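Read in order, the letters of the sequence shown correspond to residues 243 to 897 in the working numbering.
Worksheet: the structure to be examined is printed underneath.
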Amino acid sequence: MIADGITGAAGALAPAVPAEAFDALPAGSIVRAFGVEYAHVLPPEGGDLWVTRLGWPCLDALMPARWYADEWYAREGERLKGSTGHVYRVRPRPGPGPGGELVVKFSRVAQDVPIVVSTTFPPDVAPEVIAQARFNGPMEEFGLVMELRRTGGGPRGTHALTQRPLAIYAPPERFDLWELGRSTSSFHGHRLQMAEDQEDAVKAIELDIRRIYVLVYSWLEGRDAEQLFLDGELDEQALRELTARVGGELAGRGFRVLDNKPRHFILRRRAHDGAELMRRDGRLVYGLVDFELLQRTPEHQREYRTARRRQYLHLGAPPETAPAPGPPELPAVEVFGVGYRFGPSPDGGELWVVGADAGLFDYFLPDRWRRTPRVKLSAANEVYRTRPRDHVDVVYRRSRVGLRPRVDPLTAEGRSIRAHGFNSPFEEVAIATLLREMGIPTVRPRAIYRTGHASVKAVRLLDPRRFASVQAAAGEPPRAPALSPEHDYYTLWDTYHGVDPPPGAEFGRGVSALDRAAEDGVLDEAEAAATLARTRERLARTPLPAESLAPHELVVPLDPDGRAQREAGEPRVVFSLDALTAYEYGLLDEAAYLALLVRMAERLRAVDFEKLDATGRHLLLSVDPDGRLQPDPSGGPHVTLCGFSLLRGLYRPIR
Numbered sequence: 243m244i245a246d247g248i249t250g251a252a253g254a255l256a257p258a259v260p261a262e263a264f265d266a267l268p269a270g271s272i273v274r275a276f277g278v279e280y281a282h283v284l285p286p287e288g289g290d291l292w293v294t295r296l297g298w299p300c301l302d303a304l305m306p307a308r309w310y311a312d313e314w315y316a317r318e319g320e321r322l323k324g325s326t327g328h329v330y331r332v333r334p335r336p337g338p339g340p341g342g343e344l345v346v347k348f349s350r351v352a353q354d355v356p357i358v359v360s361t362t363f364p365p366d367v368a369p370e371v372i373a374q375a376r377f378n379g380p381m382e383e384f385g386l387v388m389e390l391r392r393t394g395g396g397p398r399g400t401h402a403l404t405q406r407p408l409a410i411y412a413p414p415e416r417f418d419l420w421e422l423g424r425s426t427s428s429f430h431g432h433r434l435q436m437a438e439d440q441e442d443a444v445k446a447i448e449l450d451i452r453r454i455y456v457l458v459y460s461w462l463e464g465r466d467a468e469q470l471f472l473d474g475e476l477d478e479q480a481l482r483e484l485t486a487r488v489g490g491e492l493a494g495r496g497f498r499v500l501d502n503k504p505r506h507f508i509l510r511r512r513a514h515d516g517a518e519l520m521r522r523d524g525r526l527v528y529g530l531v532d533f534e535l536l537q538r539t540p541e542h543q544r545e546y547r548t549a550r551r552r553q554y555l556h557l558g559a560p561p562e563t564a565p566a567p568g569p570p571e572l573p574a575v576e577v578f579g580v581g582y583r584f585g586p587s588p589d590g591g592e593l594w595v596v597g598a599d600a601g602l603f604d605y606f607l608p609d610r611w612r613r614t615p616r617v618k619l620s621a622a623n624e625v626y627r628t629r630p631r632d633h634v635d636v637v638y639r640r641s642r643v644g645l646r647p648r649v650d651p652l653t654a655e656g657r658s659i660r661a662h663g664f665n666s667p668f669e670e671v672a673i674a675t676l677l678r679e680m681g682i683p684t685v686r687p688r689a690i691y692r693t694g695h696a697s698v699k700a701v702r703l704l705d706p707r708r709f710a711s712v713q714a715a716a717g718e719p720p721r722a723p724a725l726s727p728e729h730d731y732y733t734l735w736d737t738y739h740g741v742d743p744p745p746g747a748e749f750g751r752g753v754s755a756l757d758r759a760a761e762d763g764v765l766d767e768a769e770a771a772a773t774l775a776r777t778r779e780r781l782a783r784t785p786l787p788a789e790s791l792a793p794h795e796l797v798v799p800l801d802p803d804g805r806a807q808r809e810a811g812e813p814r815v816v817f818s819l820d821a822l823t824a825y826e827y828g829l830l831d832e833a834a835y836l837a838l839l840v841r842m843a844e845r846l847r848a849v850d851f852e853k854l855d856a857t858g859r860h861l862l863l864s865v866d867p868d869g870r871l872q873p874d875p876s877g878g879p880h881v882t883l884c885g886f887s888l889l890r891g892l893y894r895p896i897r
């Protein structure tokens, strides 16, 4: 093993292995992109080979020495007719392990797309989509194909039959841009997309504009529909019906292919006699090939996000709802009385997801939130709000555990903070959970993530007090201690928008962000647009900078039946603002601001807790578009606590 791949003796990397051995590979050799896991292999001849789970059983045959070296794919293979790119059918050199014919395709990522619009072109594709067509990147293409293979939208729920994505090879050679015909701006977009999809660990896959990428698929037996038509074995009517059917079934699965054509439809003959083409329920059985212009349909994108949010809310159901049983590799662990599902992340890190539902684990893997567009929420600390690909809004904070607080040692508050130090992420989650149970509104903790790479801190900044105490409380979870001074930690929380929906609320209940109210079925598109326009007009009359509030920060509170709450017939809209910002913009005067701090201190003291940093930065308020603070049942401003690194128990410390 080496740091970021598997290597072995020249000529053959490893013996043929069963598919289940993929799961036994060291975590450091597995990388993930666009939802597909790869074993990262370093061949003796150089370059990088990323092998999918489907390709792992035939690893020997996928080694570049068997099909790439000395242009074996071109010399001994067959260039496929009708292909506008470099695509070859080849049988690897003789060697150990299972073989079979391969399709070798050179990625045209960032090259111009020579689309010729024909009668088979999807009729619902707008001209601007055609004009902006782009070839998929190599990992993006494999991700889409694997997603298509998992869908069941065909006849009787049948799954899509395609070539199997086996591996992607990037030879070590680098070329001048004119040799590759790539657009720098287009390639930058692909590289940015890859970066957003992955964690910024040292072994993340990075596209190099000067390297070529070769996709290796399994060969799909049969003949394409166009050739069968030209040979007189398929009549024109059958060809037209098949073309329309393929487009319709792709759309039913949520996909489209911009150069949809019969050459991509592979038909087979009946196995027992070979006299007739294979049929099921009287219809031709077909397989699909060529996916460099495969796309999700806009409807599928929206449905996918909605389904992911629906599942997320369902999995966050109340404790009395039986959780889904977790797989053995995600054991249940407990730290400071809080239950977690614990497991490794693909980047080599560790993840603790709050609660018993193992199904939530995938939502908080770092590749889903660390590289998505984010908004910094604190001038002093690393606190960010982001909307991951699942469209489940989260806030993540970099923990300051292990660092000495840099506060004034000559004030009483500073001395208290220095004596206590920063809470560990496990303490923060435990405190937030306990306060919620005792009736104090807090943001909802979701997960703790430990980075896969080490982070060395200057010795003069270190505060080691927390590590031994948390380890003693946590015991020995699998694979790693609960708290390690060599790594960074992040806590993940639900985003508070000004409304605290009931825990475990079913989909469409509690709250809906204004930008997706129409998508959620809460408002129709016209009313959602009108509500946004009116909200911005109202905000413009307040001291607040209206342009600083994005549509996803504005939310529509919902009644228990899932309908939008209304005032004077119009949807009610609120948003969240911290108390210090509310004071700075004149929504709170000095007396009201101080009273709010005193009230929170008294509520915390009543449940045996103390907030060491007496500011309003961690007190979130609910505000309407006219700048009015929304009240709680007692008549005072509704306050939700969001910062827990400097809270301590007065008489019963949590650690």
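For every residue, glycine included, the Cβ atom is placed at its ideal position computed from N, Cα and C.
Since this is a predicted model, take the numbers as computed values, not measurements.
Q. Count the other CB atoms within 10 Å of the CB of residue 426; is the residue buried (16 or more) or exposed (fewer)?
A. The residue you call residue 426 lines up with position 184 of the sequence shown. Using a 10 angstroms sphere on the CB of residue 426, the tally of other CB atoms stays under 16, which defines it as exposed.
Q: Determine the DSSP secondary structure at residue 688, reduced to helix, strand or coil.
A: As a first step, residue 688 must be located in the sequence shown, where it is residue number 446. Reduced to three states, the DSSP call for residue 688 is strand.
Q: Taking residue 496 as the reference, give the member of 727, 392 and 673 with the closest Cα.
A: The residue labelled residue 496 in the question sits at position 254 within the sequence shown. Comparing C-alpha distances from residue 496 to each of 727, 392 and 673 shows the shortest one belongs to 392.
Q) How far does the alpha helix (DSSP H) with residue 537 in it reach, from first residue to last? A) Reading the sequence shown from its first residue, position 295 is the one you call residue 537. Unbroken run through residue 537 is the beta strand (DSSP E), 536-538; no alpha helix (DSSP H).
Q | Contacting residues, own chain, Cβ-Cβ under 7 Å from residue 730 (five flanking each side not counted) | A | Here residue 730 corresponds to residue number 488 of the sequence shown, with the count starting at 1. Contacts found: 640, 693 and 697.
Q: Give the DSSP-derived three-state secondary structure of residue 823 in the structure shown.
A: Stepping through the sequence shown from its first residue, residue 823 is reached at position 581. In this structure, residue 823 counts as helix in the three-state DSSP scheme.
(Q) I'd like the list of long-range same chain contacts for residue 635, defined as Cβ closer than 6 Å, with 5 residues on each side in sequence excluded. (A) Here residue 635 refers to the residue found at position 393 when the sequence shown is read from its first residue. If we look at residue 635 and ignore the five residues flanking it on each side, its Cβ neighbours are 629 and 737.
**Q.** Cβ pair residue 409, residue 536 closer than 9 Å
**A.** Position 167 of the sequence shown, counting from 1, holds the residue named residue 409. Position 294 of the sequence shown, counting from 1, holds the residue named residue 536. Result no, Cβ atoms of residue 409 and residue 536 do not sit closer than 9 Å.
Q.
By the three-class DSSP mapping on this structure, what secondary structure does residue 840 have?
A. In the sequence shown, counting from the first residue as 1, residue 840 sits at position 598. Residue 840 falls in the helix class under three-state DSSP.
(Q) Closer than 8 Å to a non-hydrogen atom of the ligand GTP - does that hold for the CB of residue 593? (A) With respect to small molecules bound, the structure shown includes none, and the ligand GTP cannot be examined in it.
Q) Counting pairs of Cβ atoms below 8 Å between the region 808-828 and the region 854-871, do you hit three or more? A) Yes, since at least three Cβ pairs between the region 808-828 and the region 854-871 fall closer than 8 Å, the two stretches touch.
Q | Segment contact, 8 Å Cβ cut-off, at least three pairs: the region 792-805 with the region 749-765 | A | Contact check between the region 792-805 and the region 749-765: three or more CB pairs, one atom from each, fall below 8 Å, which counts as touching.
Q.
Going by C-alpha to C-alpha distance, which of 333, 594, 422 and 346 sits closest to residue 353?
A. Counting from one through the sequence shown, the residue named residue 353 turns up at place 111. Across the set 333, 594, 422 and 346, the C-alpha of 422 shows the shortest separation from the C-alpha of residue 353.
Q: Answer yes or no: do residue 592 and residue 691 have a C-beta to C-beta separation smaller than 9 Å?
A: Indexing the sequence shown from 1 puts residue 592 at position 350. Indexing the sequence shown from 1 puts residue 691 at position 449. Yes. Within cutoff.
Q.
If you measure between the beta carbons of residue 580 and residue 493, is that distance less than 9 Å?
A. Here residue 580 corresponds to residue number 338 of the sequence shown, with the count starting at 1. Here residue 493 corresponds to residue number 251 of the sequence shown, with the count starting at 1. Not closer than 9 Å, so no.
Q. So who's on the other strand from residue 864, going by DSSP bridges?
A. The sequence position of residue 864 within the sequence shown is 622, counting from 1. Beta-bridge annotation (DSSP): residue 864 is paired with 818.
Q | Counted within 10 angstroms of its Cβ, other Cβ atoms place residue 518 as buried (16 or more) or exposed | A | Counted from its first residue, the sequence shown places residue 518 at position 276. In the assembly as shown, residue 518 is an exposed residue. Its beta-carbon has fewer than 16 other beta-carbons within 10 Å.
Q: Assuming residue 459 contacts residue 407 (C-beta within less than 8 Å), just tell me the rounded distance between them.
A: Counted from its first residue, the sequence shown places residue 459 at position 217. Counted from its first residue, the sequence shown places residue 407 at position 165. Residue 459 to residue 407, Cβ: 6 Å. Contact.
Q.
Suppose you measure from the CA of residue 706 to the CA of residue 645; what does that come to, to the nearest Å?
A. The residue given as residue 706 occupies position 464 in the sequence shown. The residue given as residue 645 occupies position 403 in the sequence shown. Counting only the Cα atoms, residue 645 lies some 8 Å from residue 706.
(Q) Could you tell me the alpha carbon to alpha carbon distance between residue 388 and residue 499, rounded to whole angstroms? (A) As a position in the sequence shown, residue 388 is number 146, starting the count at 1. As a position in the sequence shown, residue 499 is number 257, starting the count at 1. Distance from the CA of residue 388 to the CA of residue 499, rounded to the nearest whole angstrom, comes to 15 Å.
Q.
Which runs of the alpha helix (DSSP H) at least 4 residues long sit entirely within the region 379-418? Give them in chain order.
A. For the region 379-418, whole alpha helix (DSSP H) runs of length 4 or above, ordered along the chain, are 380-392.
Q) Relative to the alpha-carbon of residue 288, which residue among 414, 402, 390 and 345 has its alpha-carbon at the smallest distance? A) Walking along the sequence shown from the start, residue 288 turns up at place 46. Scanning 414, 402, 390 and 345 for the CA closest to the CA of residue 288 turns up 414.
Q: My understanding is that residue 278 touches residue 384, with C-beta atoms under 8 Å, so please give their C-beta distance in whole angstroms.
A: Mapped onto the sequence shown, residue 278 falls at position 36. Mapped onto the sequence shown, residue 384 falls at position 142. With a Cβ gap of about 5 Å, residue 278 and residue 384 count as contacting.
Q: For the region 823-834 and the region 769-780, state whether three or more C-beta atom pairs, one from each stretch, are separated by less than 8 Å.
A: No, the region 823-834 is not in contact with the region 769-780.
Q.
Please state whether the Cβ-Cβ distance between residue 321 and residue 328 is less than 9 Å.
A. For the purposes of this step, residue 321 is identified with residue 79 of the sequence shown, where counting begins at 1. For the purposes of this step, residue 328 is identified with residue 86 of the sequence shown, where counting begins at 1. In terms of Cβ geometry, residue 321 and residue 328 form a close pair [threshold 9 Å].
Q) According to DSSP, is residue 582 helix, strand or coil? A) Residue 582 sits at position 340 when you count from the first residue of the sequence shown. Looking at residue 582 - three-state DSSP - the assignment turns out to be strand.
Q. Could you give the residue range of the alpha helix (DSSP H) that holds residue 656?
A. Translated into positions along the sequence shown, residue 656 becomes position 414. Looking at the DSSP string, the run of the alpha helix (DSSP H) that includes residue 656 is 654-662.
Q | First and last residue of the uninterrupted beta strand (DSSP E) at residue 799 | A | Against the sequence shown, residue 799 aligns to sequence position 557. Where residue 799 is concerned, the enclosing beta strand (DSSP E) starts and stops at 797-799.
Q: Compute the Euclidean distance between the alpha carbons of residue 382 and residue 666, then round it to the nearest angstrom.
A: To locate residue 382, count along the sequence shown from 1; it is residue 140. To locate residue 666, count along the sequence shown from 1; it is residue 424. So the two alpha carbons sit approximately 37 Å from each other.
Q) Which partner residues does residue 594 have in the DSSP bridge list? A) Here residue 594 refers to the residue found at position 352 when the sequence shown is read from its first residue. For residue 594, which the question treats as bridged, DSSP gives the partners 584 and 690.
Q | Assigned secondary structure, residue 463 (DSSP; H/G/I helix, E/B strand, else coil) | A | As a working note, residue 463 is residue 221 in the sequence shown. Assignment of residue 463 by DSSP, reduced to helix, strand and coil, places it in the coil class.
Q. Going by other Cβ atoms of all chains shown within 10 Å of its Cβ, with 16 needed for buried, is residue 347 buried or exposed?
A. By 1-based counting over the sequence shown, the position of residue 347 is 105. Under this definition residue 347 is a buried residue.
(Q) Once DSSP output is grouped into helix, strand and coil, what is the label at residue 605? (A) For the purposes of this step, residue 605 is taken as the residue at position 363 of the sequence shown. Three-state result, residue 605: helix.
Q | Alpha-carbon to alpha-carbon, residue 681 and residue 804 | A | Start at 1 with the first residue of the sequence shown, and residue 804 comes out as number 562. Start at 1 with the first residue of the sequence shown, and residue 681 comes out as number 439. Near 24 Å, if we compare the C-alpha coordinates of residue 681 and residue 804.
Q: Would you mind stating whether residue 351 and residue 378 have Cβ atoms separated by less than 9 Å?
A: Within the sequence shown, numbered from 1, the residue matching residue 351 stands at position 109. Within the sequence shown, numbered from 1, the residue matching residue 378 stands at position 136. Remark: C-beta atoms of residue 351 and residue 378 approach each other more closely than 9 Å.
Q | Cβ pair residue 776, residue 812 closer than 9 Å | A | As a position in the sequence shown, residue 776 is number 534, starting the count at 1. As a position in the sequence shown, residue 812 is number 570, starting the count at 1. In contact: residue 776 and residue 812 (Cβ atoms closer than 9 Å).
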